[in-house]
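**Student:** Protein chains in written order, with the working numbering: chain U, 1 to 203; chain C, 1001 to 1203.
Every residue, glycine too, gets a C-beta built ideally from N, C-alpha and C.
Small disclaimer: the values here were computed from a predicted structure and weren't measured.
Once you've had a glance at the structure underneath, I'll fire off some questions.
Number of protein chains: 2
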Amino acid sequence: MTEKQVRQRLDPAERQEMILEAALRLFEKNQFSAVSMRQIAAACGVNMALLYHYFGNRDELVRATLRHAIDAFVRDFSSQPPDPKAPLGAADAWLDATTSSAPRLQRMVKLMADFSATGNRDAEAQQMVDEFYHRERETFEGAIRAGIAEGRFRNVDPVRTARLTSIALDGIFYAGPPRNDYAFAQNIRDLRDQLLDYLQPDL
Amino acid sequence: MTEKQVRQRLDPAERQEMILEAALRLFEKNQFSAVSMRQIAAACGVNMALLYHYFGNRDELVRATLRHAIDAFVRDFSSQPPDPKAPLGAADAWLDATTSSAPRLQRMVKLMADFSATGNRDAEAQQMVDEFYHRERETFEGAIRAGIAEGRFRNVDPVRTARLTSIALDGIFYAGPPRNDYAFAQNIRDLRDQLLDYLQPDL
């Protein structure tokens, strides 16, 4: 079976997903505002008509790419039922998902950064980004509150601790390329270990 | 005195600095690789000939902009003699400098991120970035080691703790725009307070 035949057998949902994955890779190296629909079509290996048929225009396609990246991460997170013995519960599942999705997550934050760098923010994109961070903070906060309530953790400020953990996780992903540090799994493990150290009650 | 007269009275070093500051602002909103020398000249209010005279070509100008941003930060840091009573010593002076230089630092990390996003990395730029991070980590590590040696801090891993603090600080700056969180001073204060909490010996 040739590659062309494989492609033709994709249903529309699969084909859209394939396009969005290719677009996400393209936007990692090129700020989306500097990329034309023609370049996107070439990178995705589809014709322009199909691209316009599925996504309407470039802005819609870029938003769909962000939506796709966030949804794929959340699916990955939700598919891992929290280990009842994991000290950070759902937050441990979140950290595991960031580890297993690291390459796509790195592309996702690049797209988030590029959305925010342009002078006029895209309100729809910002809402998706806000929801993502809200969910991340809630997940950490819930895990910390649960540990404090059960006497397993010190009585720290759960809001501040959750926010700083989310910010540190951002540091790992956003600053990976400039630091030339792609040891995502190791850095996430270190961040988690330090957090658990910090939450350890005085004995 | 008109603005033009003021400008004419700048000596070459001052005029170059003025150009580099304007370029740094321009590159905050526009990836430098998508900006022409003509646009830079217009943004800086100088003519193209002067720009080429000072900087040779666009690549040199962009590198000089990064150099300028890093040097301005290090000057700011070095001009604050460490408070002998500050628990983190030179690291406290570093954090104070990141707070007072926050707007310029935000532009600097955007430029660092854009340098690393392009497929072929600029070796000279990467060296400047590496030196900056090396200095940051050394500053934190030295402060943590000193506190441990003097019995003021717990016996944590100074290398890991310094690296994670540097990464968290990156999270504050790189992810500020996408998170729409520009409370740099507050976030840096929280990060420092959490670090001191973490370093506190068990009583």
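Where does C:Y1182 fall in DSSP's three states?
**Tutor:** C:Y1182 falls in the coil class under three-state DSSP.
**Student:** Could you tell me the alpha carbon to alpha carbon distance between C:A1023 and U:A93, rounded to whole angstroms?
**Tutor:** Distance between the alpha carbons of C:A1023 and U:A93: 43 Å.
**Student:** Under 7 Å Cβ-Cβ, which residues of chain U neighbour C:P1012?
**Tutor:** Within chain U, no residue comes near C:P1012; the closest Cβ sits about 31 Å away, beyond 7 Å.
**Student:** Between U:S100, U:T65, U:T98 and U:D59, which has its C-alpha nearest U:R122's C-alpha?
**Tutor:** According to the sequence provided, residue 122 of chain U is Asp. The question's Arg does not apply to it. The option with the nearest alpha carbon to U:D122 is U:D59.
**Student:** Would you mind reading off the limits of the alpha helix (DSSP H) that contains C:Q1127?
**Tutor:** Counting along the chain, the alpha helix (DSSP H) containing C:Q1127 begins and ends at A1123 to A1149.
**Student:** Please report whether the beta-carbon of U:P177 lies at a distance below 7 Å from any beta-carbon of chain C.
**Tutor:** So, interface residue.
**Student:** For the alpha helix (DSSP H) that C:P1012 lies in, which residues bound it at each end?
**Tutor:** Segment P1012 to K1029, the alpha helix (DSSP H) holding C:P1012.
**Student:** What whole-angstrom Cβ distance do U:F140 and U:S101 have, given they're in contact under 8 Å?
**Tutor:** Their Cβ separation, rounded to whole angstroms, is 17 Å, which puts U:F140 and U:S101 out of contact at 8 Å.
**Student:** Distance, Cα to Cα, C:L1105 vs U:I70?
**Tutor:** Looking at the two C-alpha atoms, the distance is approximately 28 Å.
**Student:** Any residues in the region 114-125 of chain U with a beta carbon nearer than 9 Å to a beta carbon of chain C? Which ones, in chain order?
**Tutor:** Against chain C - using a Cβ distance shorter than 9 Å - the residues of the region 114-125 of chain U are D114, F115, S116, A117, T118, G119 and R121.
**Student:** Go to C:G1056, then tell me how far its alpha helix (DSSP H) extends in each direction, as first and last residue.
**Tutor:** From DSSP, C:G1056 is part of no alpha helix (DSSP H); its letter is neither H nor E.
**Student:** Would you say C:V1074 reaches chain U, if we count a Cβ-Cβ gap shorter than 7 Å as a contact?
**Tutor:** For C:V1074, the answer is no, since every Cβ of chain U falls outside 7 Å of its Cβ.
**Student:** Exposed or buried, which one is U:D114 when buried takes at least 16 other CB atoms within 10 Å?
**Tutor:** Under this definition U:D114 is a buried residue.
**Student:** Does C:D1130 pass the burial test, meaning 16 or more other C-beta atoms within 10 Å, or should it be called exposed?
**Tutor:** C:D1130 comes out exposed.
**Student:** So, using beta-carbon positions, are U:L111 and U:F173 closer together than 7 Å?
**Tutor:** No.
**Student:** What is the C-beta distance between C:L1095 and C:R1192, in whole angstroms, given that I count them as a contact (C-beta under 8 Å)?
**Tutor:** Rounded, the Cβ-Cβ distance is 6 Å, consistent with contact.
**Student:** Got a sec: is the Cβ-Cβ distance from U:Y198 to anything in chain C below 7 Å?
**Tutor:** Yes, its Cβ sits closer than 7 Å to a Cβ of chain C.
**Student:** Going along chain C in order, which residues have a C-beta closer than 8 Å to the C-beta of U:D190?
**Tutor:** Within chain C, the residues near U:D190 are R1160, R1163 and L1164.
**Student:** Any contact of the region 149-157 of chain U with the region 187-202 of chain U, i.e. 3+ C-beta pairs under 8 Å?
**Tutor:** Verdict: yes, contact present.
**Student:** Just how far apart, CA to CA, sit C:M1001 and C:L1010?
**Tutor:** Annotation note: pLDDT 48 at C:M1001 (below 50); position unreliable, coordinate value reported separately. The straight-line gap from Cα to Cα measures roughly 13 Å.
**Student:** Suppose contacts are defined by Cβ-Cβ distances below 7 Å. Is C:D1170 in contact with U:A162 by that definition?
**Tutor:** No.
**Student:** From C:Q1194 to C:D1157, what does the alpha carbon distance come to, in whole angstroms?
**Tutor:** Straight-line Cα distance between these residues: approximately 16 Å.
**Student:** Might you give, ordered along the chain, the residues of its own chain that have their beta carbon closer than 6 Å to the beta carbon of U:N187, omitting 5 neighbours on each side?
**Tutor:** I172, listed in sequence order.
**Student:** Determine the contact status of C:L1066 and C:M1128, defining contact as a CB-CB distance below 7 Å.
**Tutor:** Cβ distance < 7 Å, so C:L1066 and C:M1128 count as in contact.
**Student:** Taking the alpha carbon of C:Y1182 as the reference point, which residue from U:K85, U:E136 and U:S116 has its own alpha carbon closest?
**Tutor:** Comparing Cα positions, the closest option is U:S116.
**Student:** Determine, using beta carbons only, whether U:Q31 comes closer than 7 Å to chain C.
**Tutor:** Yes, its Cβ sits closer than 7 Å to a Cβ of chain C.
**Student:** Determine the direct distance from the alpha carbon of C:A1090 to that of U:Q39, and round the result to whole angstroms.
**Tutor:** Going from the Cα of U:Q39 to the Cα of C:A1090 covers about 49 Å.
**Student:** Run down chain U in chain order and give the residues with a C-beta less than 9 Å from the C-beta of C:G1089.
**Tutor:** Correct list: empty, because the minimum Cβ distance to chain U is about 21 Å.
**Student:** Please classify U:M48: is it buried, with 16 or more other beta-carbons within 10 angstroms of its beta-carbon, or exposed?
**Tutor:** So U:M48 counts as exposed.
**Student:** Report yes if the CB atom of U:A97 is closer than 7 Å to the CB atom of U:D83, and no otherwise.
**Tutor:** No.
**Student:** Restricting to Cα atoms, I'd like to know which of U:H68, U:S36, U:F32 and U:A41 is closest to U:F132.
**Tutor:** Closest by alpha carbon: U:H68.
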